[in-house]
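>
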Amino acid sequence: MKRLSPTLAAFSLAVSLMFTCGEALAQNNPLITLDENGNGTLLFPGGLPITTTGVLANDPGPGGLPAALTYNLLGPPGLVAGDVLLFDPGSILSDIIRFNPAGTGGNGYPASVVFYSGDSLGSLGDTGFPNALYTNTLSLLETPGGTIYTPTANQPGFVPGFSVTYDLISDSPRGVPEPSTIVGAGMAALAGVIVVLRRRKRTV
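Residue 80 in the numbering used here sits at position 47 of the sequence shown, with consecutive numbering throughout.
1) From the DSSP output, in three-state form, read off Val146 for me.
2) Do Leu106 and Leu76 have their C-beta atoms closer together than 9 Å?
3) Can the beta-carbon of Phe148 be found closer than 9 Å to that of Leu67?
4) For Leu98, which residues from the same chain have a beta carbon less than 7 Å from its beta carbon, with the 5 sequence-adjacent residues on both sides left out?
5) Assuming Tyr199 and Gly115 make a contact with CB atoms under 8 Å, what is their CB distance in whole Å?
6) Just how far apart, CA to CA, sit Leu112 and Gly123?
7) Name the one or two DSSP bridge partners that Phe191 has.
8) Kindly indicate the opening and closing residues of the beta strand (DSSP E) around Asn105.
9) So, at 8 Å on beta carbons, what are the nonlocal neighbours of Ser127 in its own chain, with the 5 sequence-adjacent residues on each side left out?
10) Quick test of your reading: Phe195 and Pro78, contact by CB under 8 Å. State the CB separation rounded to the nearest angstrom.
11) What residue from Thr86, Gly73, Thr185 and Thr180 has the CA that sits closest to Ile129's CA?
12) Whose CA, out of Gly96, Gly94 and Ile65, lies closest to the CA of Thr86?
13) Between Ala144 and Pro95, which are expected to be in contact by the criterion C-beta below 8 Å, what is the C-beta distance as a whole number of angstroms?
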């Protein structure tokens, strides 16, 4: 990714300080809202929303694409690496939300969220899926208006000492399937993704 301008670097430092000093300031529950069109905000309790814009950049994570919708998280320490798989109501894999810690692939890479969308609706995130996944994955069902995700220890996107919540907004059609079909169909779809990824690896 490109070097930060002096203004953005100062801004990044301020956000990083909010994360690292969050407990002392009682601001350790940030809400991070991201969509597949490059629109994002970071909101700390009692503060004003901070805009973060997604850009197409190289994803240094496993099987990452050279141009994927990437949000710079501006420095949360200890971000846990991994992939969150979002399934639409038809149990079809709709989006992959990737969490890359600072330093992924080399020095200078900032802690980032990469938003891969499979909706084919022409959004900035519609670049296709990565060719491999992190071993640390979590499957979620999309919900109307945005999928709310608060990771716990060792889950993708977790930041030690904080209760970070992500609001992941996708453009895919939504509804609520029968509860009995969610787990079985979701696991079957995940197994299909793993089989496809293994086949790709063999043919390379």
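The C-beta atom is built at its ideal place from N, Cα and C for all residues, glycine as well.
This structure is a prediction, so every number in the text was calculated from the model and none was measured.
Per the coordinate set shown:
1) strand
2) no
3) yes
4) Asp92, Thr160, Gly161 and Pro163
5) So it is not a contact: roughly 12 Å between Cβ atoms.
6) 31 Å
7) Paired residues: none, contrary to the question.
8) Ala101 to Asn105
9) In the same chain as Ser127, and ignoring 5 residues on each side of it, the C-beta atoms closer than 8 Å to its own belong to Leu119, Phe120, Asp121, Ser150, Gly151, Asp152, Glu175, Ser203 and Ser205, in chain order.
10) Contact flag wrong, Cβ pair sits at about 11 Å.
11) Thr180
12) That would be Ile65, whose Cα lies nearest to the Cα of Thr86.
13) Wrong, their Cβ atoms sit about 17 Å apart, outside the cutoff.
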